[in-house]
Amino acid sequence: MLWRIGFVGVLAALGAFAAFGTVVPHAPAVPEMRDLVEPLALRVQPAQAPAAYMREEQFRRGDTLSAFFARLGIEESHAARLARVRALRLLKPGVHVSAEVSAGGAPNSLSFLVDRDTLVQIELAGESFRVSEQTAPVETRQVLKTGVIRSSLFAAADAAGIPDAIAMQLSDVFAGDIDFHRDLRQGDRFAVVYEQYALQGRALRAGRLLAAEFTNQGRTFRAVHYGSSYYAADGTNLRKAFLRSPLEFSRVTSGFGLRRHPIARQWLAHRGIDYGAAPGTRVRSVGDGMVEFAGVKGNYGKVVIVRHHGQYSTLYAHLSRFASGVQRGTRVAQNDTIGFVGQTGWATGPHLHYEFRVGGEARNPFSVAMPSGHPVPPPQMPAFRAHAEVLAARLDLLGASSLAMLE
Ligand SMILES: [Zn+2]
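The working numbering applies: residue -1 is where the sequence shown begins, and numbers increase by one.
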């Protein structure tokens, strides 16, 4: 956001500068605007031309250095010399570069971040460039945001300015309680508290999700990060023995979330749940276990059956193919890929047919939600409570004010 403001400022500076050349770029003017713009341009004095301006641009995938330098306003002869600076090989797509460029298009200085916190600076020194590296003063701050589901979790995250990494962590944390492919409804809402790394006030990247609240179909779940796990307010671990959804959750697959598959919701009729999904979507084991069967079986087509502890097993059908190494006897952990969505066997379109079985009988998995992670150990409960209270207060604040306003 901040860099955009900087960019607009630079454009204004460029506009003022261009006014002395032969070409004054004119927007197709609304009549009353033209009257205002022309006298103003005439009043600009040459003495006000900036000697140099700061510019910021993102190095994009597929960018060549020369195209990138042109966007920064670096003149061609300078660009050719600058392109020979070895440190520029550290430039990765997505990285923001700040540059001070003279009115004549000379790059006075460039700086950008590599790895987590190394700031590379390239400065014009006579006819050559001087390169230096230093540890950037990266700060960590906490960000509080809320969102309301209208079409998908990612659309809600986008609307609230929440990065993908946080939306993914949010869906992971509640993956044992909410099937993000089937359970989301319009009006579901969430609040997140997360870490953000920033350099000179500008957000660099998101860190960990610290606390979250998700209200799904009227049920509210809360999670607090503590140690290396997420816990409910009472200290129970949010990690469940089984994930709610056998499909990976991503920006690509999330679009299917609010779309009703025609034969979904009828698990009683055919003893399973169907997930409409794009061919090739990753299918994961919902729990730890061992592959009992991986092969072709009549109407199921290519199918994997995983045996879990106790009486539980799960079945994944109509796969296009199996994940490598998946065969009878293979040990799988929760969230491991076992195959990919297809339409083998009796399937009218690409989808995953999923069965949750207890003692060999298909059951509705929504009645089973056993915690599998350890709760907060009793001696640590006072410390956990103190930690959780602070974050809960932030979530309360978000719940009471922002969410009420959004409705
Ligand atoms: Zn089915």
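Glycine residues also receive a C-beta, built at the ideal position from the N, C-alpha and C atoms.
Bear in mind that the values here come from a model prediction, so they are computed numbers and not experimental data.
6 Å CB neighbourhood of residue i in its chain, flanking five on each side removed
i	result
residue 96	54, 109
residue 141	192, 194
residue 52	98
residue 302	292, 314, 336, 337
residue 354	312, 361, 363
residue 286	331, 332
residue 157	none
residue 20	Low per-residue confidence applies at residue 20: pLDDT is 32, beneath 50, and the placement is therefore not dependable enough to give any value.
residue 295	301
residue 66	57
residue 329	288
Rounded separation between residue i and residue j - CA only
i	j	result
residue 119	residue 129	6 Å
residue 213	residue 395	15 Å
residue 281	residue 171	18 Å
residue 312	residue 373	26 Å
residue 291	residue 318	16 Å
residue 196	residue 305	46 Å
residue 370	residue 234	10 Å
residue 352	residue 228	27 Å
residue 153	residue 391	27 Å
residue 381	residue 321	43 Å
residue 299	residue 149	32 Å
residue 131	residue 184	49 Å
residue 64	residue 94	16 Å
residue 202	residue 68	24 Å
residue 249	residue 86	31 Å
residue 226	residue 368	20 Å
residue 161	residue 114	17 Å
residue 232	residue 111	41 Å
residue 125	residue 62	23 Å
residue 393	residue 209	8 Å
residue 188	residue 378	28 Å
residue 127	residue 83	7 Å
residue 143	residue 78	44 Å
residue 180	residue 240	16 Å
residue 375	residue 383	12 Å
residue 238	residue 334	15 Å
residue 159	residue 74	37 Å
Nearest-angstrom beta carbon gap, residue j and residue i [assumed within contact, 8 Å]
i	j	result
residue 389	residue 222	5 Å
residue 230	residue 220	6 Å
residue 410	residue 242	Because residue 410 is not part of the residues shown, which for the chain are -1 to 405, the question remains open.
residue 407	residue 284	The requested residue 407 does not occur in the structure, where the chain is confined to residues -1 to 405.
residue 80	residue 106	Going by Cβ atoms, the distance from residue 80 to residue 106 rounds to 11 Å, so no, they are not a contact pair.
residue 343	residue 297	5 Å
residue 236	residue 174	6 Å
residue 116	residue 138	Not quite, the Cβ-Cβ distance comes to about 17 Å (not below 8 Å), so this is no contact.
residue 323	residue 288	About 13 Å separates the two Cβ atoms, so there is no contact after all.
Close-in-space but distant-in-sequence residues of the same chain around residue i (CB under 8 Å, 5 per side omitted)
i	result
residue 347	274, 341
residue 385	222, 224
residue 217	none
residue 349	259, 272, 273, 274, 275, 316, 339, 341
residue 186	146, 147, 212, 213, 214, 215
residue 92	56, 57, 58, 59
Own chain residues within Cβ distance below 7 Å of residue i, not counting five before or after
i	result
residue 356	309, 310
residue 169	151, 178, 247
residue 207	164, 167, 168, 171, 190, 192, 223
residue 406	Residue 406 lies beyond the range of the chain shown here (-1 to 405); nothing can be said about it.
residue 76	103, 104, 105
residue 31	Below a pLDDT of 50, predicted positions are generally treated as unreliable, and residue 31, at 41, falls in that range; no measurement from the model is reported.
residue 72	80, 99, 103, 105
residue 345	299, 316
residue 278	318, 338, 339
Environment of ligand 1 in chain order, Cβ to heavy atom below 5 Å: Working through the chain, the matches are 270, 272, 351.
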